[in-house]
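All residue numbers for the sequence shown refer to our numbering, where the first residue is 21 and numbers rise by one.
Glycine is no exception: its CB is placed at the ideal position from the N, C-alpha and C atoms.
Remember, it's a predicted structure, so these values are computed and weren't measured experimentally.
Single-structure report; data block below.
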Amino acid sequence: MSDDEQVEKLRDWWKENGRAVIAGIIIAVGGVVGWQQWGAYQDRQAEAASTSYMHFIEARETDADSETVARRGQRVMDDYPGTTYAAMAGLQLADYQVREHETAAAMDTLRWVAENAADKSFRDLGRLRLAQLLYGEDALDEALSVLEDAEDGPYDGRYHELRGDIHAAKGNRDRARSAYEDALAADELPALRRNLIELKLNELGGGVSA
């Protein structure tokens with residue numbers, strides 16, 4: 021095949037496939053640029069969330085009025101819900117609200133964490149603290165309801181222990197003993213926690229396995 025024939029063949033191929041090639045290049049370049057822009061956006065969001073979180077911590081640590089502390093904490097949760105900062109702000113805001121005797125507000129904050137935190141460990145901790153607050157307010161059935169959907173994880177032993185406390189408060193001794201036994205079977209239970217649960221179990225007339 022002569023050079024002219026090769027050129028003509030290439031020209032014909034380009035007529036048929038040129039648009040597809042150009043489109044593929046545009047899509048590929050656009051994908052790279054889009055990914056880079058998305059990464060840059062994520063970085064900006066993380067930086068903004070960090071700044072907002074620090075403003076909240078500053079207000080809490082400098083004894084700002086409760087309205088300012090709540091507003092700044094809520095802002096982190098509202099503006100950056102998918103970040104770790106939102107979950108941390110929620111947990112710390114709830115702790116602050118409890119100390120300020122704003123129990124109902126603390127419960128609302130913990131519900132948000134339990135339902136919306138991006139990380140499972142934060143959701144689990146939010147659920148545990150919410151159930152503890154409800155138990156402290158004698159809302160026993162609601163506390164059990166919060167624990168009903170609790171997943172296995174680092175707080176599994178605490179979930180079972182709290183279930184035992186709630187059942188004991190309701191007078192359900194058999195259920196309380198069963199829950200305490202489940203708590204003792206949980207992995208990585210600290211020694212002090214184990215001793216406390218064993219004491220609760222013994223008070224209910226339950227034996228501790230050797």
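Measure how close the beta-carbons of T104 and A114 come, nearest whole angstrom, since I'm counting them as under 8 Å.
-> The residue labelled residue 104 in the question sits at position 84 within the sequence shown. The residue labelled residue 114 in the question sits at position 94 within the sequence shown. The pair is not a contact, with the Cβ atoms about 16 Å apart (cut-off 8 Å).
Short Cβ contact (7 Å threshold) for M127 with L145 = Locating residue 127 in the sequence shown gives position 107, counting from the first residue. Locating residue 145 in the sequence shown gives position 125, counting from the first residue. Against a cut-off of 7 Å, the Cβ pair of L145 and M127 comes out as no contact.
Skipping 5 residues on each side, what residues in its chain have a beta carbon closer than 8 Å to that of V118?
-> In the sequence shown, counting from the first residue as 1, residue 118 sits at position 98. The answer, listed in chain order, is A126, L153.
W55: buried (16+ other C-beta within 10 angstroms of its C-beta) or exposed?
-> Taking the sequence shown and counting its residues from 1, the one referred to as residue 55 is at position 35. Low local confidence applies: a pLDDT of 44 at W55 is under 50, so the model's placement there is unreliable, and no value is given.
Can you give, in chain order, each stretch of the beta strand (DSSP E) that sits fully within the stretch 75-124 and has at least 3 residues?
-> none
CB contact flag (H75, R91, <7 Å) | Stepping through the sequence shown from its first residue, residue 75 is reached at position 55. Stepping through the sequence shown from its first residue, residue 91 is reached at position 71. Against a cut-off of 7 Å, the Cβ pair of R91 and H75 comes out as no contact.
Please determine, among Y116, G184, Q94, the residue with the shortest C-alpha to C-alpha distance to T82.
-> Start at 1 with the first residue of the sequence shown, and residue 82 comes out as number 62. The shortest Cα separation from T82 among Y116, G184, Q94 belongs to Y116.
Using 10 angstroms around the beta-carbon of E36, count the other beta-carbons present and answer buried if the total reaches 16, otherwise exposed.
-> Looking up residue 36 in the sequence shown gives position 16. Exposed, because fewer than 16 other Cβ atoms sit within 10 Å of the Cβ of E36.
For my contact list, S70 and R95 are in at a C-beta cut-off of 8 Å; report their separation, rounded to the angstrom.
-> To locate residue 70, count along the sequence shown from 1; it is residue 50. To locate residue 95, count along the sequence shown from 1; it is residue 75. Their Cβ separation, rounded to whole angstroms, is 13 Å, which puts S70 and R95 out of contact at 8 Å.
Straight-line gap, L224 to M108 (C-alpha atoms, nearest Å) = The residue you call residue 224 lines up with position 204 of the sequence shown. The residue you call residue 108 lines up with position 88 of the sequence shown. If you take the alpha carbons of L224 and M108, they lie about 37 Å apart.
For the alpha helix (DSSP H) holding Y200, just list the boundary residues, first then last.
-> Walking along the sequence shown from the start, residue 200 turns up at place 180. Residues 193-204.
So the alpha helix (DSSP H) E218 belongs to, where does it begin and stop?
-> The residue you call residue 218 lines up with position 198 of the sequence shown. Here the alpha helix (DSSP H) through E218 covers 211-223.
Could you check the C-alpha separation between R178 and A79 for me, to the nearest Å?
-> Within the sequence shown, the letter at position 158 stands for residue 178. Within the sequence shown, the letter at position 59 stands for residue 79. Cα to Cα, R178 sits roughly 31 Å from A79.
So is the beta-carbon of R147 under 6 Å away from any non-hydrogen atom of the ligand NAD?
-> For the ligand NAD, the structure offers nothing, since it holds no ligand at all.
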